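Accompanying notes for the structure given below.
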Amino acid sequence: MEADGRPSWDNPAQFILACVSYAVGLGNMWRFPYLCQMHGGGGFLIPYLIMLVLEGIPLFYMELAVGQKMRLGSIGAWSAISPYLGGLGIASVVTSLYLCIYYNVVIAWAFWYLFHSFQAELPWAACPANNNLTEQQECEVSSPTQYFWYRETLNITSSMEEGGGLHRGQTVCLLMAWVVVYLCIVKGVKSTGKVVYFTTAFPYVVLLIYFIRGVSLHGAANGIKYMFMPKMKELASPTTWINAATQIFFSLGLGFGSLVAFASYNQPHNDVQRQAVAVSLINSGTSIFASVVTFSIYGFKATFNYESCLDRARINLLNSFDIEEDAITNDNISSWVTQLNSTYPDRFASLSQQLESCNLESELDTAAEGAGLAFIVYSEAIKNMPVSQLWSVLYFSMLLMLGVGSMLGNVMAITTPLHDSKFLSRRLSSEALNGLVCIFCLLAGLGFTARSGNYWFTIFNDYACTFSLLFIVFVEMVGICCIYGLKRFEKDIEDMIGHRPNWYWKIVWAGVGPIILIGLFLFYMITYITGETSTYQAWDKDLGKSLPKERPPYAQVCIALLPLSSILCIPFCAFYEYVQRKKKREPEERVVSCPLTPREAC
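Counting the sequence shown from 1 gives a position; my numbering is that position plus 9.
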């Protein structure tokens with residue numbers, strides 16, 4: 010506890026672990042590997058590391074320095090920098106609130122899969138044994154893993170218009186997720202500082218175990234080679250650079266106010282520059298390490314599917330001709346088919362087509378993003394491992410810890426400004442205020458546990474934070490450099506760490522950073538205007554796959570309102586502050602313009 014009465018971290022290690030636990034999240038496990046796969050593996054790492062230096066580390070440092078200097082949450086910190094920037098903190102809180110409402114659903118899904126891992130046979134390893142012919146056909150057409158995700162986990166409806174009611178199992182899991190989060194933040198920074206030791210360490214332990222297991226799997230080398238095999242033509246694509254910058258931006262959690270809140274509990278002279286660099290490098294290193302683990306397992310899955318396809322073709326070949334079984338292997342089956350096809354073209358036409366469909370490269374090219382990678386692709390790989398229950402428990406426990414670690418930062422971005430408010434802090438204890446925030450987010454998030462909730466989850470995940478965060482961080486940089494003053498900010502940093510930032514930090518803050526953010530914002534605006542925001546992927550249980558459908562008008566309105574509701578806080582609050590200051594100046598101006606004599610003034 011500091012002299013000003015503000016609580017603080019017990020030691021700098023707690024602060025670093027809290028930042029690492031917040032920054033290293035589910036995006037490191039699924040978003041980064043997906044982008045590596047989409048943009049040519051090693052070819053994507055080059056722009057990713059460049060954007061880390063030009064965008065990620067400087068912005069991370071700036072937010073930590075603001076929080077440590079002002080010793081306030083996002084609203085108080087930016088209001089202290091300039092009364093006209095108070096809306097910037099409110100916009101961060103609104104964005105964090107949206108994230109908290111839907112993000113904890115991912116933890117609920119992790120709970121669901123974790124509980125189902127303690128069975129003699131994993132429920133997504135095979136189609137359910139029942140007499141419902143329709144469900145059997147749906148499972149066989151899709152796959153057991155997809156069927157368990159869409160029909161058991163989500164019990165999804167066929168469109169957004171069908172509400173379907175709440176999924177009771179998911180509702181219970183969401184309640185458990187919020188109970189866990191509340192217990193971690195109940196005492197504020199004191200309880201969070203203890204929890205981060207576990208939420209940070211446990212995922213790395215599991216990743217290390219999975220790495221050892223993953224690289225020893227049959228076919229793992231195919232996946233790792235695919236990841237690091239550079240497709241240098243991707244460097245000429247603007248989309249590669251934009252996705253690299255976006256991944257850095259969102260992976261570090263910039264703009265939410267969480268970093269400002271974390272740093273506000275620091276000691277005043279903490280070396281925030283060194284810590285910002287360390288956390289940023291740890292986060293990016295974790296993304297690369299997690300991708301090696303992911304691609305080793307992905308290579309195992311692709312090789313398994315490829316060889317299973319060859320096995321089916323080999324069995325068909327053996328059934329067609331009286332050939333010794335040992336004579337045909339997966340390595341020489343192509344030569345056998347070519348030889349026999351030249352002699353019996355009619356009989357081997359279908360077999361040739363089947364063999365052509367067995368392609369390892371196409372298996373590896375099949376990209377899976379987001380929940381698809383975490384809950385479908387990984388589940389499919391896990392079910393083929395020996396002692397699959399053990400690997401399932403470890404994996405979904407890791408997802409649980411990654412989600413909780415990120416949620417701690419998101420919730421603190423909301424609760425810290427509320428605790429800074431004298432009105433609320435005098436009337437509610439820390440435990441009560443934190444509890445009210447968790448209860449509100451729980452009630453607001455119940456809609457995502459409805460059978461149609463996953464469609465709304467996708468909307469929030471795609472549109473609730475993207476535009477608003479880019480705009481928020483851009484205004485932060487303009488506010489520091491142009492309103493507060495870069496020289497003044499340099500002096501604040503010197504007071505904290507003993508020296509001023511060098512030319513690298515100043516060039517990025519005042520020039521390179523804003524240019525990159527403007528480019529990202531324009532790209533997303535163009536994508537939003539010209540993109541397919543009017544359609545979404547709806548699950549068709551008859552075909553066993555997702556098909557595009559038109560979004561209803563109210564969903565389109567929601568897509569527009571989500572970013573606007575946070576972005577507009579900035580100009581509205583600035584305008585309100587301007588009006589209030591103008592009202593206070595008006596009486597003084599009237600006095601100055603009065604005639605000279607008191608009698609005439611009366």
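Ideal Cβ placement from N, Cα and C applies to all residues, glycine included.
Values in this document were obtained by computation on a predicted structure and should not be read as measured data.
Using the beta-carbon count (16 or more within 10 Å), is residue i buried or exposed?
i, result
"residue 389", "buried"
"residue 560", "buried"
"residue 503", "exposed"
"residue 269", "buried"
"residue 221", "exposed"
"residue 527", "exposed"
"residue 420", "buried"
"residue 262", "buried"
"residue 23", "buried"
"residue 512", "exposed"
"residue 368", "exposed"
"residue 501", "buried"
"residue 396", "exposed"
"residue 20", "exposed"
"residue 391", "buried"
"residue 461", "buried"
"residue 556", "exposed"
"residue 169", "buried"
"residue 78", "buried"
"residue 589", "exposed"
"residue 604", "No answer about residue 604 holds up, because its pLDDT of 42 lies below 50 and its placement is not dependable."
Tell me residue i's beta-bridge partners as DSSP assigns them.
i, result
"residue 119", "None; residue 119 has no bridge partner."
"residue 556", "547"
"residue 22", "None; residue 22 has no bridge partner."
"residue 459", "175"
By the three-class DSSP mapping on this structure, what secondary structure does residue i have?
i, result
"residue 518", "helix"
"residue 175", "strand"
"residue 593", "helix"
"residue 282", "helix"
"residue 436", "helix"
"residue 12", "A caution first: residue 12 carries a pLDDT of 46, below 50, which makes its placement in the model unreliable, though a value can still be read off. DSSP places residue 12 in coil when its eight states are reduced to three."
"residue 372", "helix"
"residue 201", "helix"
"residue 314", "helix"
"residue 165", "coil"
"residue 496", "helix"
"residue 196", "coil"
"residue 288", "helix"
"residue 528", "helix"
"residue 428", "helix"
"residue 577", "coil"
"residue 406", "helix"
"residue 601", "Low confidence applies here, because residue 601 scores a pLDDT of 42, under 50, leaving its location unreliable; read the following figure in that light. Here residue 601 sits in helix by DSSP."
"residue 610", "In this prediction, residue 610 has a pLDDT of 36, which is less than 50 and means its spatial position is unreliable; nothing more can be read from the coordinates."
"residue 91", "coil"
"residue 321", "helix"
"residue 511", "coil"
"residue 561", "coil"
"residue 473", "coil"
"residue 567", "helix"
"residue 394", "coil"
"residue 367", "coil"
"residue 293", "helix"
Report, in whole angstroms, the separation of the C-beta atoms of residue i and residue j, which I expect to be a contact under 8 Å.
i, j, result
"residue 429", "residue 172", "About 39 Å separates the two Cβ atoms, so there is no contact after all."
"residue 231", "residue 312", "6 Å"
"residue 308", "residue 418", "The pair is not a contact, with the Cβ atoms about 33 Å apart (cut-off 8 Å)."
"residue 50", "residue 258", "Going by Cβ atoms, the distance from residue 50 to residue 258 rounds to 21 Å, so no, they are not a contact pair."
"residue 472", "residue 568", "5 Å"
"residue 42", "residue 249", "Their Cβ separation, rounded to whole angstroms, is 15 Å, which puts residue 42 and residue 249 out of contact at 8 Å."
"residue 111", "residue 454", "6 Å"
"residue 183", "residue 536", "Not a contact, Cβ separation roughly 31 Å."
"residue 74", "residue 481", "Going by Cβ atoms, the distance from residue 74 to residue 481 rounds to 17 Å, so no, they are not a contact pair."
"residue 442", "residue 254", "With 8 Å as the limit, residue 442 and residue 254 do not qualify as a contact, their Cβ atoms being about 36 Å apart."
"residue 518", "residue 67", "6 Å"
"residue 191", "residue 16", "Not a contact, Cβ separation roughly 18 Å."
"residue 3", "residue 412", "Nothing in the structure corresponds to residue 3, since the chain is present only between 10 and 611."
What ranges does the alpha helix (DSSP H) occupy inside the region 29–82, keeping only unbroken runs of at least 4 residues that lie completely in it?
Whole alpha helix (DSSP H) segments, 4+ residues: 35–47, 51–60, 66–79.
Only counting runs of 4 or more residues, tell me where the alpha helix (DSSP H) segments fall wholly within the region 95–156, in order along the chain.
95–125, 142–150, 153–156
List, from N- to C-terminal side, the alpha helix (DSSP H) runs of 4 residues or more that fit wholly inside the region 203–278.
229–237, 247–260, 267–272
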